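Counting in our numbering, the sequence shown runs from 17 upward without gaps.
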Amino acid sequence: MDVIREGAAQDHGPFGRALFDDPSARRLARVGVVDIGSNSVRLVVFDGAARSPAYFYNEKIMCGLGAGMAESGVLNPEGRRRALSALRRFQYLARGMDLPPLTAVATAAVRDAADGADFCHQVLRETGLQIHVIDGEEEARLSAQGVLLGWPGSYGLICDIGGSSMELAEINDGQVGKCVTSPLGPLKLRDIEGGAKGRKAHIKAVIDRLQQEMGPQSNRLFLVGGSWRAIARIDMDRRGYPLHVLHEYRMTTSAVRETAKYIEGWDLDELRSRCSLSASRMALVPYAIEVLKRLVQTFRPKDIAISSYGIREGLLYEQMPQQLRDRDPLIEACLFAEAKDARLPGFGRDLYEFILPLFANARPAKLRLVQAACLLHDVSWRAHPDYRAETCFDNATRANLGGLAHWERVFLGLALLHRYKNKRTGTRFDELLPILDEKELREAEILGKAMRFGAMLWMSEGGHIGELGWRPKKKVLSLRLSDGAWPLYGEVAEARFLSLASSLDATVDVKLVG
């Protein structure tokens with residue numbers, strides 16, 4: 017579905033043109049990828065807006081293909097059996113979903129094992145799945161592209177840790193630069209001779225070498241991989257952090273040190289249960305945190321961001337035309353949601369233009385959130401009226417939306433909550449509100465109440481819903497309505513307009529214009 021209205025100009029200003037129905041994007045409407053790692057084997061099926069897809073299906077099996085390889089030199093026999101069973105299942109699922117052929121890649125364990133090629137031949141013979149074994153540099157590049165799927169135009173250092181290896185890649189202005197690989201995977205580290213002392217010396221030596229190869233990397237550090245995400249969960253637990261969304265979660269170098277001490281002070285089984293981690297993942301955390309401590313001590317990043325996007329998303333990014341890569345993943349996802357779920361697709365743009373005078377001095381980053389909110393303002397209309405506000409907040413704060421920092425998720429969620437509800441106190445989201453400062457709380461309320469009022473002036477295609485004016489120095493909120501729109505300004509609409517004025521501490525000026 018294309019949200020452009022008949023006869024509308026092709027240039028939508030800040031809205032652009034939705035590309036999810038373009039032929040170059042439509043072939044990516046549902047894509048399945050398989051990631052065969054040293055610790056896990058996973059199938060992900062992407063669906064929806066190609067630039068910011070939803071996870072239509074996501075299944076992971078902790079096979080442990082790389083367990084014991086340091087001693088044996090071959091894939092773990094039980095892990096190999098489990099991986100073959102999982103891949104057979106994934107092929108059946110793909111056929112049932114009528115997917116194009118799965119794209120499957122294998123990383124460190126399969127490429128390093130003496131029987132890696134034999135394993136790939138067996139999989140092809142018994143399942144028909146062609147496995148592409150990639151080297152460490154290619155693994156780093158694909159992981160970096162996965163980060164770019166969620167953070168277009170980003171810069172910094174990508175660190176992807178798997179079971180048997182750790183890769184680094186630099187990104188600048190949306191381009192992938194130098195890529196290197198290392199043997200710093202937790203499965204290999206636990207077999208290092210000399211215990212903790214020997215392991216510490218080995219980690220330092222390898223990371224020092226990586227720093228020489230990569231050069232100075234003091235910008236943001238993006239962490240990709242299950243062990244990093246497990247550490248982030250533990251950091252959230254240590255801090256009592258209320259928004260349990262790993263993607264875009266931020267840490268500092270001092271937080272890494274504090275979390276390392278926190279891990280040391282707990283029984284691992286108790287901590288695993290407390291943080292909802294699997295036993296196999298928790299077993300690798302003590303080794304991964306040693307690597308992370310040395311990594312941040314050596315590279316000294318300005319901040320640290322957790323990325324849930326990695327090699328699998330990088331494989332999707334690889335298939336995108338450049339015009340699709342250049343789009344904002346948040347806005348593409350919101351355009352897709354509006355086209356699919358709103359009662360009047362395209363009205364979000366009219367609503368944005370109507371309330372824009374309230375945000376005339378806002379920076380582009382804030383206008384982007386205003387735009388996203390307007391596109392999403394009506395997509396939850398099927399929810400029960402008593403729970404509609406909560407549904408909106410949940411969708412914004414916890415949904416798979418790329419390109420959103422945690423404070424932006426809460427801001428967007430709160431604005432959409434106020435789209436349906438005047439008051440925010442007493443909701444189950446109160447613990448999340450301190451993520452915003454007082455100014456952001458007020459702006460989110462104003463945005464929500466502006467949408468709440470603007471949605472009352474629902475016009476047919478091409479209808480002009482009136483003009484809103486805001487004079488902040490005089491604190492005057494004005495409304496100009498034409499003859500065609502005036503009948504829409506009934507009792508409920510007036511009450512919502514006055515509620516908006518109250519949030520602005522404004523007087524009102526309402527007039528009928530010819």
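All C-beta atoms, glycine included, are put in the ideal place defined by N, C-alpha and C. Quick caveat: nothing in here was measured; it's all calculated off a predicted structure.
What residues match up with L237 in a beta bridge as DSSP calls it? L173, I320
Consult DSSP for V71 and reduce its assignment to one of helix, strand or coil. The residue asked about is misnamed: residue 71 is Tyr in this sequence, not Val. In the structure shown, Y71 sits in a strand (DSSP, three-state: E or B).
By how many angstroms is the C-alpha of D51 removed from the C-alpha of A122? 6 Å
Who are L184's beta bridge partners in DSSP? C175, V196
So that I know if they touch, is there some Cβ in chain B lying closer than 9 Å to that of A376? The structure shown contains no chain B; it holds only a single protein chain.
Buried or exposed: R444, going by 16 or more other Cβ atoms within 10 Å of its Cβ? exposed
Can you tell me whether E264 is helix, strand or coil according to DSSP? coil
Would you grab the beta carbon distance between R98 and C79 for me? Rounded to a whole angstrom, and I think it's under 8 Å. 4 Å
Backbone secondary structure at T123 - three-state DSSP: coil
Per the DSSP calculation, I147 is bridged to which residue(s)? A120
What does a CB cutoff of less than 7 Å around A405 pick up in its chain, not counting 5 residues either side in sequence? L433, Y436, K437
Cβ-Cβ separation, F106 to L332 (assumed contact under 8 Å), whole Å: So it is not a contact: roughly 16 Å between Cβ atoms.
With C-beta atoms as the reference, is L203 less than 9 Å away from A86? yes
Top-ranked residue by Cα proximity to D224, from G442, E424, R316: R316
Own chain residues within Cβ distance below 7 Å of P258, not counting five before or after: E447, L448
Span separating the alpha-carbon of G152 from that of A276: 27 Å
Kindly indicate which three-state DSSP category R297 falls into: helix, strand or coil? helix
Looking only at its chain, what residues have a beta carbon closer than 6 Å to the beta carbon of R468, apart from the 5 residues adjacent to it on each side? R435, R512
Please name the residue or residues paired with F106 in a DSSP beta bridge. Per DSSP, none; premise fails for F106.
For a quick check, are the C-beta atoms of N411 and L392 less than 9 Å apart? yes
Three-state secondary structure (DSSP) at T441? coil
Does V386 come out as helix, strand or coil in the three-state DSSP assignment? helix
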